[in-house]
Structure formats: structure tokens, C-alpha cells
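To start, the structure under review is shown below, and the notes come after it.
Protein chains: 4
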Amino acid sequence: MANSDDDDSIGGSAARPGKRKRLVSAASDLLYQQGVENTTLADIAHAADVPLGNVYYYFKTKDEIVSAVIEAHVHDIEEMLASLDRRHRTPKSRLKALTRELTDQRNVIAQYGCPHGTLCSELEKRTSGTDHATVRLLEIPIEWTERQFRAMGRHDAHDLAVEFMAAYQGAAVLTQALRQPELLTHEGRRLKRWIDSLEA
Amino acid sequence: MANSDDDDSIGGSAARPGKRKRLVSAASDLLYQQGVENTTLADIAHAADVPLGNVYYYFKTKDEIVSAVIEAHVHDIEEMLASLDRRHRTPKSRLKALTRELTDQRNVIAQYGCPHGTLCSELEKRTSGTDHATVRLLEIPIEWTERQFRAMGRHDAHDLAVEFMAAYQGAAVLTQALRQPELLTHEGRRLKRWIDSLEA
Amino acid sequence: MANSDDDDSIGGSAARPGKRKRLVSAASDLLYQQGVENTTLADIAHAADVPLGNVYYYFKTKDEIVSAVIEAHVHDIEEMLASLDRRHRTPKSRLKALTRELTDQRNVIAQYGCPHGTLCSELEKRTSGTDHATVRLLEIPIEWTERQFRAMGRHDAHDLAVEFMAAYQGAAVLTQALRQPELLTHEGRRLKRWIDSLEA
Amino acid sequence: MANSDDDDSIGGSAARPGKRKRLVSAASDLLYQQGVENTTLADIAHAADVPLGNVYYYFKTKDEIVSAVIEAHVHDIEEMLASLDRRHRTPKSRLKALTRELTDQRNVIAQYGCPHGTLCSELEKRTSGTDHATVRLLEIPIEWTERQFRAMGRHDAHDLAVEFMAAYQGAAVLTQALRQPELLTHEGRRLKRWIDSLEA
DNA sequence: TATGAATGAGCGTTCATTCAT
DNA sequence: CATGAATGAACGCTCATTCAT
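As given, the protein sequences belong to chains A, B, C and D, one line each in that order.
Each residue of the first sequence is one higher than the one before, counting from 4 in our numbering.
Each residue of the second sequence is one higher than the one before, counting from 4 in our numbering.
Each residue of the third sequence is one higher than the one before, counting from 4 in our numbering.
Each residue of the fourth sequence is one higher than the one before, counting from 4 in our numbering.
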């Protein structure tokens, strides 16, 4: 299969990770930092150190690269949440750990916004009707958050989850627009207090 | 000066607004609905019914049109807030009226997101360092909101204002990504209850 | 209108015929000599001495150029037949004059085939389902030929017209494939004899 | 020699013809239906179920595949004519049988034209001077037809053969352009009558 | 002021061909 | 023999911007 995710480094002369992975990784960074429309395939190819023509061996269109980036994000999100599940036992500590994960990124977010939120916003405006795969980027953390609130015994778990995620997404928008990383820190602290204040 | 804001229709047959205004208005709509990068100057000229070559009489570059759109947004926001000031007397009713203004747009927001938030996100990623004029789009309502909270006697007025605006921006992001206008309605109700619950 | 067929040379500085015309003319020649697929837009632009980017001011797509070439062919055919109508009085002399027109081109046909027949063949195989405008290229002369046979009092005018055109098209195919211009001359002579031999 | 025509399936599980044969067969179909320029090597490899990289073991260039397709056509034509020689005794019945062979294909011809005529037309326009091998595609049936007319005692056998083939090729062109399979049927009937009417 | 026309750099994409194993 | 991967030149097309009148 062409779309192998494996490295091509076993016994070979080139010791770098697989090209497909490199392409997705480079694309992920560039789409995030420059936006989808401002990023050319040549940019991506160059950043991944892959000849331009070769990109099309792995992805038939630019849209397909975008999709692959979304999938990679989904994968990363799921892994991060699974890691939180492993490292923390109570719902409250899990939620606060997630909050911490988000605020830890305050500096990049002040530059480029939330990687998932801005990607959603941008792709919803593309004419080519990207298949709305981006929705998972926000659904997955909402669902996870909802599970935590439910585990706390809250019957309004879904509403709380939406409130939580909206608070984070909005803070990210303001943080980027105002270029104030501290804003996100501040909102993070508030959210942690809010989580602590919730009762069953 | 060439860039007159006045109509150019005096003595003419039709009473259409001046070309510059038509261009800004068309650009405002298209940038919002299609995104900045997906909108061509030809699109804008066509929508404004202005010959393409003529656009450059009013705006030297595409960036200048974008700036004019931002200015128009700023103007609209200020007018809207001034109107709220006029129509409502107490800070709480003003804040709830603002909330209502925002939720009233739930259907367009579900399609294109918040006109100001998405514009900020998008422009922050452009290579050509747009002069960060977008910041006013969010600063102005934050400051206005802060004034209301302060008038309520709250010493944490700024924090509350940020919390309020973040809640709205985040709700807009989720509303667009999940394509659920009701989500915004729901968050609006919650915000109104929250406002009512605040004490001096 | 952009698609003006007029010259742009009246009082202007450039004294060459209109660019659109030059483009269609160059395209017509190149499509004929090299085939549709082998001819690039850069080829056409170069031959017409028009900057590549400017081609798209006149034609939105390559297909549109091809269509314009077909229309030009249709126009030429109609003018040629009208000229035959004017210059000859009897159906028989008209038909023989047409035969002469065709055989006069024997040398180019030996190189590139019949300009209309080869264009039809090629375009029928394009995936993009060109709107079958090519059919007129053969229908028009068939109909004209049929009118002549009918004027001769033949009730089988349509069949004779098809037979005539098929004879010419087939001769053109063989002439090109075998690279023998004389073959077309010979078939032309035969056709003239055949026309003469027909009775009412 | 590497370019064996034999099967490579001895001892294998399936009895599929050898790769080379499959490639030529797939290429023959695709070149006919889509045209030479519109058919990629990947298309051919896919249709033949041969890995793309492997194609170059059998054919050094795309042109070589085209040549092989022509050779295959030549072979098929010769076989078909030999079969007619075997199955029919008199020249007239042989010629009418050939006519029947051709009209039997009216439906494909209405879609793609004559497999040999369109191939000739197309290849004559390629820049890379294909070695004019296509000429055999039309020469062989002309020569065979000429032999039949000569066997009938006609001294103008060559002219009649050219007339016959031109009639068929032209009918094929019209049939495809006008998309009327019946046109070929009709011309076939006329040709049979014509053959019958010929005297020594 | 106004405008149709022009311009060229660049983009996404294709494909015959080659290479390393 | 076989094959997945690689390569780069070229193609059709777009678009912000400029020009001539």
C-alpha cells in the first residue's frame, strides 16, 4: 500500500521517518500557522523535504492532505484524553488536567489561536464543502468532558460540557485577537475554580 | 481627497449609495461568507456592480478593502452599542439586550461563525502583517461590557467582561462547527441568567 | 463586451487585428496541425503573440477556445457554401465546385487530414463531453449537398448527400494515412464523373 | 528475449494471459475509447492489472505500447481477412462478408469511430514522429480488397479498392460524428449492392 | 473619474519516466 | 523479473495589480 504509515528507514539509507508522516506533520504545522488558503503544496513539500511531485503519490488532492491533518488531530486528541484518563482518577482532576493542557499552550494560541477551533472556522468557509470531518475536533472533547461531568453525578452534564468548551474556545479567540497569553491563563484558573465549585 | 465617503449620485437618476460604500458593503458580506482568501476582487466588484478596474480608484490594494471592512464593522459595533445605551437604562438590561442581539444572529452564525471573531482568526494568519486593526472588533465590546459591570459596582468588571465575551465567542465557534443554532440560543439563556444572578 | 470580434485598431496605437481573432486563428491552425490534446494554451498564446495570462480574458477555459474554433469553422463553411451558391447556378456545377474546393486542399489534407473530420473524431473522445457542437461541421455541408441533389430532382437526395460526404471524408482519411495527395485528386475526379452521370 | 509473448502462468493458479498480452489488450481498448493522449500509462496498467512500474519491463516508452497496439491490430486484421478467405470462395461474397464485418460494429463505431481510421488520424498529429506504422492498418485491407477485385477480372481493381475503403472510412466518420449507427448499416447495404452490380 | 484590457507570478495537479530494492 | 516509490517538467487556470485611454 502506498499510504503506509510506517517508516522507510529499516536498513535503508535514508534514516528519516516516513514521508507521509512528514508531510502530514509539516502540513499540520503550516495549516495551523498560516491558515489553509495561505499554505501552498510547495510550502508543505518544502517543509517536509519531499519533492513537490511526490506529494501526489501520497495525497491525490490538497483536500486530502487537509483531511489527513484533521485525522491526525483527532488521533492526537484521543490519545491526549486517554492519557488523562490514565493519569487521573477522579473526574474533577481529569477536567482540571485538561484545562492545564490547554493553558499550557497559551503562547502558540496567542499567535495562531486554537489549532482545532481555527481549523473548523476556516474549513467551514471553503466552497468545496469539505465533508465536515472537522466537527469531530470539537465533538470528541465535548463528549469526553460530558462523561466526566456525568461521572460527577451531574444530570446537566452536556450543558456543562458545552459551557466548558465554549469558555475555552472563546478564551482562545480572545487570547489570539488581543495577543495576551495571560488571558488564557486567567480563564484557565477561573475554570478550575468553577470545576471545584461544582457539586453532584 | 479621492476617497470620499459621500454618494456620487447627486443629480443622477438612481439613488444607489456611492461606489465606495457599495464596495465595502459587498466586501463585508463576501469576506464573512467565503473567507478573506476565497474572495477575489472580481467577486467584490461584481457584487457591488462596480467595474473591476474602478476598484483601484477607491482602494489601492486588497488589504485596504479589508481594512475598510474592519472599519465599517467597528462603526457598526459602536452604533449598535450606542443604540443599546439609548434604549436601555440599567447595566443588566443593557447586557441582556446585547446578549439578545448576538443570539438573534444564530442562523448566520451557524453558517459562518461570528463575523468579528472569524475575521480576527483569519487575518491573524495572513502573511502580510495586517496592522492588527481587528483587535478593536473585540476590544470595543469588551470595554463596553466592562463599563456595564463597573456600573453595577463590580470591581472584577474586566474579568467578567472577558468571561462574557469569551462565552459568546466560544458559543459562536461551537455553533458554527456543530451547525446547531440552538446551541447559541441555549448559551444566551444561560448568560442572561448569569447576569441576573450577579450582585454588586 | 470582452468577446468583441472587432479589431482594436481604429485610432489605437496597436495596428494588429483583435486579439480574440488572432487567438482563434492561431488556435484553429494549431488544433488542426497538432491535435487538440497536443496543443497547449502557451502554444496558442505564443502563436497569437498574446501573453498567456491574457488568453483567459477572452476565453475562460481551453474548451471555450475549442468551441470558438468550431464556430469559426462553421462560419467559414457557411461562407464558402454561400460563395459557391453565388458563383455557380446549377446544382451540378455547384457540387463539382465543392469537390474542387476540397481537392484543392489535398496537400494539407495529406499532412493533417480533413480539418473538420479529424476535429470531430478527436473531440468525440474527450471525456469532458464537449457539447457535440462539432456535429454541425459535417451536417452543414451534408444539408447543402442534399439541397443540390434535391434541386436536381433526386428523391434520394439525402442518401446521395451522405454518400458524397462519406466519399470525401474517407478519401481524406486515406489521403492522410497513406500520405498521398494524389489519392484525393483521383477521388475528386471520380466524384465529378459520378455527379455528371446522375440523372433526375 | 525479454519481450516474450507467452503466458507467464504455467504452474500458476490462474490461467490469465501473460502480462504483456494483457497490457496490449488493455491499451488497445483504452486508446480506442479515450484516444491516445487521454490515456495514461497508469490507466493501462490499472486496466491490465499490472503494477505501473512493471510496465516498463515490457515497453520502454508509451510510444512502444502504441506500436504494439498497432501490431496487434495488424495481426487481427490479417487474421480476419484470412478467415474471410477461408469461409468464402468467390471475391464478391468475400467483399460482402467484409462489409458485413464492418457494419456489425456499427454501435461501437458510432461511439468511437473506426478503430483503425481514428488511430491513424490521431497518430499522424503526434509530434514524436511515430514511425508511420499505422499505414499498414489501411494498406492491408486495401490490398486484400484489391486482390478480390482483381480476381473478379477488374483492371481498375486498385481504384475500386480505394473507393471501397474510402466509402467505409467516410461512413465511419459520419456515423461517429452524427451518432447514427444506422448510417453505417445503410452505407453497408449500398456497398453490397454496388459490389453485386460490378461486372468483370 | 472611469474602465476594458493586459500582465506575470504562482497555484494545484498530471504524468511519462526512472530508481532502488 | 517485479514493484512501490520517486521525480521534475509542464499544463490549465487564477488573480492581485497595472495600464492606456
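All residues carry an ideal CB built from backbone N, CA and C; glycine is no exception.
- The DSSP assignment places complete alpha helix (DSSP H) segments of no fewer than 4 residues inside the region 14 to 94 of chain D at 22 to 37, 44 to 51, 55 to 61, 65 to 90, in order along the chain.
- Here residue 191/B is not near residue 126/B, since their CB atoms are 8 Å or more apart.
- Within chain D, 116, 121, 124, 176, 179 have C-beta atoms less than 7 Å from the C-beta of residue 124/C, given in sequence order.
- Minimum Cα-Cα distance from residue 78/C among the listed residues 137/C, 109/C, 174/C, 22/C corresponds to 137/C.
- The straight-line gap separating the alpha-carbon atoms of residue 195/B and residue 186/B is approximately 14 Å.
- In terms of beta-carbon proximity, residue 128/C lines the interface with chain D, with at least one pair separated by less than 8 Å.
- Identification of chain D residues near residue 138/C by a Cβ-Cβ cut-off of 9 Å yields 180, 181, 182, ordered along the chain.
- Across the structure, residue 71/C and residue 64/C are spaced so that their CA atoms are roughly 11 Å apart.
- Taking all protein chains shown into account, residue 61/D has 16 or more neighbouring C-beta atoms within 10 Å of its C-beta and is therefore buried.
- Per DSSP, residue 129/A lies in no alpha helix (DSSP H) and is assigned neither H nor E.
- Here DSSP, grouped into helix, strand and coil, assigns residue 109/A to helix.
- DSSP, read as helix, strand or coil, puts residue 203/B in coil.
- Counted as a single uninterrupted DSSP element, the alpha helix (DSSP H) harbouring residue 173/D occupies residues 160 to 181.
- Between residue 84/C and residue 177/D, the C-beta spacing is not below 8 Å.
- In the three-state scheme derived from DSSP, where H, G and I count as helix and E and B as strand, residue 123/C is classed as helix.
- Check the Cα spacing between residue 121/C and each of 149/C, 148/C, 76/C: the tightest is with 76/C.
- Annotated three-state conformation of residue 157/D is coil, per DSSP.
- Judged by pairs of C-beta atoms under 8 Å, the region 80 to 100 of chain A touches the region 144 to 161 of chain A, as three or more such pairs exist.
- Residue 172/A has a beta carbon lying within less than 8 Å of a beta carbon in chain B.
- From the beta-carbon of residue 38/C, the residues of chain D found nearer than 8 Å are 40, 125, 128, 129.
- Per the coordinates, the alpha-carbon of residue 48/A lies some 39 Å from the alpha-carbon of residue 31/C.
- Counting only the Cα atoms, residue 184/B lies some 27 Å from residue 88/B.
- Taking a Cβ-Cβ threshold of 7 Å, the residues of chain C close to residue 169/D are 170, 173, 174, 177, 190, in chain order.
- For residue 165/C, at least one C-beta of chain D is nearer than 8 Å to its own C-beta.
- Neighbours of residue 44/B in chain A, taken as residues at a C-beta separation under 7 Å, are lacking, since the least C-beta distance is about 15 Å.
- A straight line joining the alpha-carbon of residue 51/D with that of residue 25/D spans about 5 Å.
- In terms of beta-carbon proximity, residue 193/D lines the interface with chain C, with at least one pair separated by less than 8 Å.
- By alpha-carbon distance to residue 188/B, the top candidate from 165/A, 27/A, 34/A is 165/A.
- In this structure, DSSP gives residue 136/D a state outside helix and strand, which the three-state scheme calls coil.
- Using a Cβ-Cβ cut-off of 8 Å, residue 141/C counts as an interface residue toward chain D, since at least one Cβ of chain D sits closer than that to its own.
- Taking 8 Å as the cut-off, the Cβ atoms of residue 160/D and residue 117/D do not count as close.
- Rounded to whole angstroms, the gap between the alpha carbons of residue 42/D and residue 68/D is 12 Å.
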